[in-house]
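Participant: After the structure tokens below, expect a handful of questions from me.
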Amino acid sequence: MAIQITIIGLGQIGGSIGLALGGQKASLKRVGHDKKVDVERAAQSRGAVDEARHNLPSAVRDAEIVLLCLPVSQVRETLEFIAPDLKENAVVMDTSPVKSGVFEWARSSLPPNRYFVGLVPAVNPEALHEIKFGLEAARADLFQKGLMIIDAPRGTPGEVVQLASDLARLLGADPLLADPIESDGLMARMHLLPQLAAAALLNSTVDQPGWMEARKLGGRAFAAVTAGLAYQDEIDSLRISAMQNRASTVYALDVMIAALQGLRNDINDENEDSIAARLEQALEGRNTWMNERLKAEWTVGVERKPIDIPSFAERFFGSVFVKRTPNP
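Count the sequence shown with our numbering and you get residues 227 to 554, in order.
Here it is as structure tokens:
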């Protein structure tokens, strides 16, 4: 019996998940849904899904796993909409970068005996400089050479967490179990801060005095730094994520402001040695990070067990989808 996995949102992440699972058609049935019919058709044409269903209740009704690959601004409404049609013991997984608020939405929306797990994927380092977005940027190897954080609310059955870990391995990623607070703290620095910094740079330059001439001179550095704000589905999702992760985001901004203030003071005081040290440290840190990211040797010395699809299906139906007695 094939496991039905419904992918809601067929952009880069959702499309890549579908493509990565494309070799498992005998055991997995991939159903796709997107709010845009042309994207559904394109995903099916590219082989990212076996079937596209534009009717959302129909898309999730028979699904054992539902993957929400959506901007965070669409997650709450989608959870509320699909909740009545989820089968008992269905597992909903979400790929948005910040989890604390999403966990609360899932808790208040999902009926009993439906489970929720958060996934935070890191993309293949070969895709770090990709300028395409949406389904056009989807690739079967997007999650290879990357980690995938597994966040589970307290009380989630161990079989459900194991299921999420196995799915991460099927996609080519190495699963990393984390606490939602820890995960959100990491994403504040590595996902939200670059986008907010890009917004700050744009707000401090665009339409400011001299911009009419300055805009003609913007080069690679300006384009690269501001690109953090360009390649995302909805700008409103950045606002929501920053507010849901307020404490970690404010802390990350404070650290960055302190670094800018230190650089500003050294320039004002003509402290050339300190300026040089700051810049050299930054460049060295960037080069070290990029080399480590490209090598992706995060799990050296740790045995990586391949996932056997038949046993994955057996465990899925034999452990996760057994009749559970509700907690008293």
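C-beta atoms are modelled at their ideal positions from N, C-alpha and C, and glycine is treated no differently.
Going by the beta-carbon positions, is the gap between Val386 and Val349 smaller than 8 Å?
Facilitator: Their beta carbons are not under 8 Å apart, which means Val386 does not touch Val349 by this criterion.
Participant: Would you call the stretch 327-343 in contact with the stretch 303-310, where contact means no fewer than 3 C-beta pairs closer than 8 Å?
Facilitator: Yes, the stretch 327-343 is in contact with the stretch 303-310.
Participant: Which class does Arg256 belong to by DSSP, given the choice of helix, strand or coil?
Facilitator: Here Arg256 sits in strand by DSSP.
Participant: Can you grab the Cα-Cα spacing for the pair Pro383 / Ala404, in whole Å?
Facilitator: Roughly 15 Å separates the two Cα atoms.
Participant: Phe230 lies in the beta strand (DSSP E); which residues open and close that run?
Facilitator: Here residue 230 turns out to be Gln, not Phe, going by the sequence shown. From DSSP, the beta strand (DSSP E) with Gln230 extends over 229-234.
Participant: Can you give, in chain order, each stretch of the beta strand (DSSP E) that sits fully within the stretch 360-412 and has at least 3 residues?
Facilitator: Segments of the beta strand (DSSP E) lying fully in the stretch 360-412: 373-377, 400-403.
Participant: Taking Gly258 as the reference, give the member of Ala252, Asn281, Gly249 with the closest Cα.
Facilitator: Of the listed residues, the one whose Cα sits closest to Gly258 is Asn281.
Participant: For the putative contact between Ser322 and Val298, defined by C-beta atoms under 8 Å, what is the C-beta separation to the nearest angstrom?
Facilitator: Confirmed, Cβ separation roughly 4 Å.
Participant: Assuming Gly241 and Ala390 are in contact, meaning their beta carbons sit under 8 Å apart, how far apart are those beta carbons, in whole angstroms?
Facilitator: Actually they do not touch by this definition, with Cβ atoms about 20 Å apart.
Participant: Determine, using beta carbons only, whether Leu489 and Leu419 come nearer to each other than 8 Å.
Facilitator: It is not a contact, given that the beta carbons lie outside the stated cut-off.
Participant: Please report the straight-line C-alpha distance between Ile231 and Gln270, rounded to a whole angstrom.
Facilitator: Cα to Cα, Ile231 sits roughly 14 Å from Gln270.
Participant: Are the beta-carbon atoms belonging to Val519 and Pro347 less than 8 Å from one another?
Facilitator: Correcting the residue type first, residue 519 is Arg in the shown sequence and not Val. No.
Participant: Measuring only the C-alpha atoms, how far is Met413 from Phe359?
Facilitator: The straight-line gap from Cα to Cα measures roughly 20 Å.
Participant: Please state the DSSP three-state secondary structure of Gly327.
Facilitator: Reduced to three states, the DSSP call for Gly327 is helix.
Participant: On the CB-based measure, 16 or more other CB atoms within 10 Å of its CB, does Leu245 come out buried or exposed?
Facilitator: With 16 or more other Cβ atoms within 10 Å, it is buried.
Participant: In the DSSP assignment, find the unbroken alpha helix (DSSP H) run with Val292 in it and report its ends.
Facilitator: Note, Val292: premise wrong, no alpha helix (DSSP H); beta strand (DSSP E) at 291-294.
Participant: From the DSSP output, read off the bridge partner residues of Leu345.
Facilitator: The partner list for Leu345 (beta bridge, DSSP) reads Ile376.
Participant: What residue range is occupied by the uninterrupted alpha helix (DSSP H) comprising Met438?
Facilitator: Here the alpha helix (DSSP H) through Met438 covers 437-440.
Participant: Report the three-state DSSP secondary structure of Val318 (helix, strand or coil).
Facilitator: Val318: strand per DSSP, three-state reduction.
Participant: In terms of residue numbering, what span does the alpha helix (DSSP H) encompassing Gln300 cover?
Facilitator: Unbroken alpha helix (DSSP H) run through Gln300: 298-308.
Participant: Would you identify the three-state DSSP class for Glu356, choosing helix, strand or coil?
Facilitator: Coil, per DSSP.
Participant: So the candidates are Ala468, Leu402, Ala274, Glu498; which of them puts its Cα closest to the Cα of Gln250?
Facilitator: Minimum Cα distance to Gln250 is reached at Ala274.
Participant: Does Ala453 come out as helix, strand or coil in the three-state DSSP assignment?
Facilitator: If DSSP states are grouped into helix, strand and coil, Ala453 belongs with the helices.
Participant: Thinking C-beta only, is Ile234 closer than 8 Å to Glu290?
Facilitator: Cβ atoms of Glu290 and Ile234: not closer than 8 Å.
Participant: Among all the DSSP beta bridges, which residues are the ones paired with Glu277?
Facilitator: According to DSSP, Glu277 bridges with Val257.
Participant: Leaving out five residues on either side along the sequence, give the residues of the same chain with a beta carbon under 7 Å from the beta carbon of Glu460.
Facilitator: Closer than 7 Å at Cβ, skipping near neighbours: Pro297, Ser299.
Participant: Ala450: which of Leu254, Ile357, Arg504 sits nearest, CA to CA?
Facilitator: Ala450 has its Cα closest to that of Ile357, out of Leu254, Ile357, Arg504.
Participant: By Cβ distance, which residues of its chain are closer than 8 Å to Trp524, with the 5 residues on each side in sequence left out?
Facilitator: Only Leu373, Asp400 meet the Cβ criterion.
Participant: Nearest to Ala268 by alpha carbon, out of Lys371, Lys255, Leu361, Leu505?
Facilitator: Minimum Cα distance to Ala268 is reached at Leu361.
Participant: As a quick exercise: from Ala378, Asn471, Leu428, Asp392, pick the residue whose alpha carbon is nearest that of Met416.
Facilitator: Out of Ala378, Asn471, Leu428, Asp392, Asn471 has the C-alpha closest to the C-alpha of Met416.
Participant: Rounded to whole angstroms, how far is the Cβ of Thr452 from the Cβ of Ala440, which I believe are closer than 8 Å?
Facilitator: Incorrect: roughly 13 Å between the Cβ atoms, too far for contact.
Participant: Could you give the DSSP three-state label for Trp515: helix, strand or coil?
Facilitator: Here Trp515 sits in helix by DSSP.
Participant: Excluding the 5 residues preceding and the 5 following Arg302 in the sequence, name in chain order all residues of the same chain whose CB lies nearer than 7 Å to its CB.
Facilitator: Correct list, in chain order: Trp331.
Participant: Roughly how many angstroms separate the alpha carbons of Val286 and Val292, rounded to a whole number?
Facilitator: Cα to Cα, the separation comes out at about 7 Å.
Participant: How about Asp410 and Val324: are their beta carbons less than 8 Å apart?
Facilitator: It is a contact, given that the beta carbons lie within the stated cut-off.
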